[in-house]
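Working notes, beginning with the structure itself.
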Amino acid sequence: MVNAAGINAYIIYNCIKRTSKRPIDCHKFLLCLAKCLVKPWTEEQISFPGQHTKTKQVIKSVFPELNSPARIPTNLTASKRCWLCPTKEDRKTRTPCINYKMPV
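Going by the working numbering, the sequence shown opens with residue 232, and the numbers climb by one from there.
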């Protein structure tokens, strides 16, 4: 069903773009369409801290522009409780975890 919708979209696209000398071929159009439909989901998945490393590697191989990680501050502005330590120990830190962006 998705394949038929993609082919129909390609036909409509070619009807609209008839003024160009050489239309884009169907394979390239479907690849571009698939990437455009999947990109918002992949951006969300790659920023999710608990995502598997292999999944992130596959996403980065398909979308190389997502390779640059968001800049993470090396120090927190104020001391916060470490989320790994028990609450009764009340340990405070200024260093955030790279993966979870929580104080460690």
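Where a beta carbon is used, it is the ideal one built from N, C-alpha and C, also for glycine.
With a cut-off of 8 Å on Cβ pairs, the stretch 263-278 is in contact with the stretch 290-299, counting three or more such pairs.
In this structure residue 277 is in contact with residue 297, their Cβ atoms being roughly 5 Å apart against a cut-off of 8 Å. Sequence-distant partners of residue 241 (beyond 5 residues in either direction) whose C-beta falls short of 6 Å from its own C-beta, in its chain, are 257 and 260.
Ranked by how close their Cα comes to the Cα of residue 234, the residues 324, 264, 287 and 249 have 264 in first place.
In the structure shown, residue 308 adopts coil according to DSSP, grouped into three states.
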